[in-house]
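Using UniProt numbering, the letters of the sequence shown map in sequence onto residues 1 to 281.
Positions of the beta carbon are idealized from the N, C-alpha and C atoms, including for glycine.
First the structure, in the form of structure tokens, and then the observations on it.
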Amino acid sequence: MQNPHAINADLHCHSTVSDGMLPPRDVAARAHAGGVAFWALTDHDEVGGQAEACAAAEALGMRYVPGVEISVTWAGQTVHIVGLQIDPACPALVQGLAATRSGRAARAQDIGEALAAVGIEGAYEGALRYVGNPDLISRTHFARWLVDQGRCKTIGDVFGEYLGEGRPGYVGHRWARLSDAIGWIRAAGGIPVMAHPGRYNYTQVQHDALFDEFKQLGGAAVEVVTGSHTPDQYRRYVDVAHHYGLLGSRGSDFHGPGEGRVELGSLPPLPSSVTPVWHDW
Ligand code: AMP
Ligand code: MN
Ligand code: MN
Ligand code: MN
């Protein structure tokens, strides 16, 4: 068998079924053009793109890995848990994701009101024009509208100024429980992966408690090489993977052309000291 570290796996990205800019078939084509061999589409809280992604990937000769990225609230902050090799038809998963999505519409209206209170009118209607899936209105859709309105230069600037935690357009929301998200992924035969842990703003004590709980609940892997991590963070999460006995994952978190730092398939390989989550696929 080929050395698994040499396989170009990109196991985290988004389509118009959540907050990405391209439909699943176009993301597949872009992954293929980027040299990806093992590919997962991991839309937020939604598996509606899986059939199209799988068909497109297989037509291109890529190995498809069914995926999802679940929004979780843990110790007052949002954590993302990726599920890989899931059965997208599993009823427990499908129902859990529907429940997780259900608060998004009301939250989006609240975000619109919060932005109106700082002088930005029409944001809810504006964001809706960018939404591909009416069940999945995301802050990213508001951010794209605000950039196109000339309020900010980049999506990152919008989060820094308006939509990030503590900013005037931020509306708190309670997502799934960590135990539920891991339970749904396991019920669907999947592998729970801690997404981009370098992005969370926990204290060291909370960070360690999050990993203890994740592992105890059945968590199996951690994203080491992701578009959200710096090279220092790759090294840090190699150590975390060893410490907690987790496999390592790799994914660009691609959302759209020109958005974010990384193109599909273009990240450095997973460091050789960590076992890839795909080692036995
Ligand atoms: P939501 O699920 O509606 O809270 O939106 C979360 C999404 O916003 C994430 O999946 C990212 O795509 C995007 N996002 C969050 N923070 C940032 C940031 N600082 N810069 C750019 N995009 C961000
Ligand atoms: Mn996103
Ligand atoms: Mn995420
Ligand atoms: Mn993501």
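When DSSP states are grouped into helix, strand and coil, D208 belongs to the helix group. A direct Cα-Cα distance of roughly 43 Å separates P276 from A114.
Taking a cut-off of 8 Å on C-beta distances, the region 265-274 does not touch the region 200-220, as fewer than three cross pairs fall below it. Per DSSP, W281 is not a residue of any beta strand (DSSP E), being assigned neither H nor E.
If you check the CB distance, H279 and L247 come in under 9 Å.
Taking 8 Å as the cut-off, the C-beta of D10 does not count as close to any heavy atom of ligand 4. By a beta-carbon distance limit of 8 Å, D253 contacts G227. Their separation comes to about 4 Å.
In the DSSP assignment, the residues bridged to G83 are V68 and P192. Residues close to ligand 1 by the beta carbon criterion (under 5 Å to any non-hydrogen atom) are, from first to last along the chain, S138, R139, T140, I155, G156 and F159. Taking every protein chain shown into account, the CB of A51 has fewer than 16 other CB atoms within 10 angstroms, so this residue is exposed.
In terms of CA proximity to D10, P66 leads the group P66, A59 and H44. The DSSP-derived three-state label of A220 is coil. The shortest CA-to-CA distance from P269 to any of L163, I70 and R250 is the one to R250.
Excluding residues up to 5 positions away in sequence, V171 and H173 lie with their Cβ nearer than 6 Å to the Cβ of R107 in the same chain. When DSSP states are grouped into helix, strand and coil, W145 belongs to the helix group. For G251, the uninterrupted beta strand (DSSP E) run begins and ends at L247 to G251, by DSSP. Within the chosen limit of 8 Å, ligand 3 reaches the beta carbon of E69 through at least one heavy atom.
When the alpha-carbon of H14 is set against those of L136, A55, A6 and V79, the nearest one is in L136. In the assembly as shown, W281 is an exposed residue. Its beta-carbon has fewer than 16 other beta-carbons within 10 Å. If you draw a straight line from the Cα of H12 to the Cα of A117, it is about 35 Å long. Within the same chain, Cβ atoms closer than 8 Å to the Cβ of M62 are found at A28, A31, H32, V36, A37, F38 and W39, the five residues on either side in sequence being excluded. For the 9 Å CB-CB criterion, T73 and V82 do not form a contact. For S18, the shortest C-beta to heavy atom distance toward ligand 2 is below 8 Å.
In the three-state scheme derived from DSSP, where H, G and I count as helix and E and B as strand, T140 is classed as helix. If you draw a straight line from the Cα of A220 to the Cα of Q85, it is about 12 Å long. Closest option to H44, judged by alpha-carbon separation, among H229, W145, M194 and R101: R101. A direct Cα-Cα distance of roughly 22 Å separates V47 from A127. Looking at the DSSP output, V262 shares a beta bridge with no other residue. Here the distance from the Cβ of D87 to the nearest heavy atom of ligand 3 is not below 8 Å.
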